Amino acid sequence: MSAQLLHVEGRFIDADSWTAVSADDALPAGPVLVTLDRWRAEREALLARAAPVGVVLEPGQPLEELAADLPRIACIALRFPSPGEGRPYSAARLLRERYGYRGEIRAIGEVLIDQVYFLKRSGFDVLVMRADQDPQATLAALQAFSVRYQPAWDEALPLYRRRATG
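According to this note's numbering, the sequence shown holds residues 31 to 196 in order.
Put into structure tokens, the structure is as follows:
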């Protein structure tokens, strides 16, 4: 069973255009996802490529280091080493709200159905679901709640303010 790529708009992505490469891999043609260490070592060459470049961040790695280059980075992949890891949620929200990042933010690693709704609210675009997750249940999880009380990336105002203005 292979991992499903889910766009938070509620559709599955048939083919992944991104290729994750390790520190020693040759760069293939097309969009690549590199580690932060490889980004540090080869930044100029990666930015000079004709194909899009993305960076994989592990929990706790500094977003600030990429801030100046974010307009030229097409994708940020935030790894969940375990379902209980919360730092990628914060990183996605910071990318959207503090840094104004408009590129793709993708969740990779141990991404489960229980997280789907909250990943969407945090600013993720694409979720690479763990292979054992049921595709239909994953889609349904995007609509798990009909009313959102708290503000988040996808809803700027809390419910009481939306009700007062509407």
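We put the beta carbon where it would ideally sit given N, CA and C, even for glycine. Remember, it's a predicted structure, so these values are computed and weren't measured experimentally.
Please state whether DSSP places R132 in a helix, a strand or coil.
-> The answer is coil: DSSP assigns R132 none of H, G, I, E or B.
Would you please state the rounded distance, in angstroms, between the beta carbons of P61 and A81? I believe it to be under 8 Å.
-> 6 Å
Could you please give the first and the last residue of the uninterrupted alpha helix (DSSP H) stretch that includes A121?
-> Note, A121: alpha helix (DSSP H), R117 to E127.
If we count the other Cβ atoms within 10 Å of its Cβ and call it buried at 16 or more, is D162 buried or exposed?
-> Counting every other CB atom within 10 Å of its CB across the protein chains shown gives D162 a total below 16, marking it as exposed.
For R151, which of helix, strand or coil comes out of DSSP?
-> helix
Beta-carbon proximity check, D155 vs I135, cutoff 8 Å | At a Cβ-Cβ threshold of 8 Å, D155 and I135 count as neighbours.
Would you mind working out which of P58, G40 and Q173 sits nearest S47, comparing C-alpha positions?
-> P58
Just mark F42 as buried or exposed, buried being the case when its beta carbon has 16 or more other beta carbons within 10 Å.
-> exposed
How is I106 classed by DSSP in three states: helix, strand or coil?
-> strand
Where the alpha helix (DSSP H) through L66 begins and ends | L66 to A78
Rounded C-alpha distance that separates W69 from L76 = Straight-line spacing of the CA atoms in W69 and L76 works out to 7 Å.
DSSP state of A98 mapped onto helix, strand, coil = helix
Going by alpha carbons, who is nearest to R102 out of S112, E127 and E74?
-> E74
Between the stretch 122-134 and the stretch 166-176, are three or more C-beta pairs nearer than 8 Å?
-> no
Own chain residues within Cβ distance below 8 Å of R49, not counting five before or after | First, the amino acid is wrong: residue 49 is Thr here, not Arg. Closer than 8 Å at Cβ, skipping near neighbours: P58, G60, P61, V62 and L63.
Answer yes or no: do L172 and K150 have a C-beta to C-beta separation smaller than 8 Å?
-> Contact: yes.
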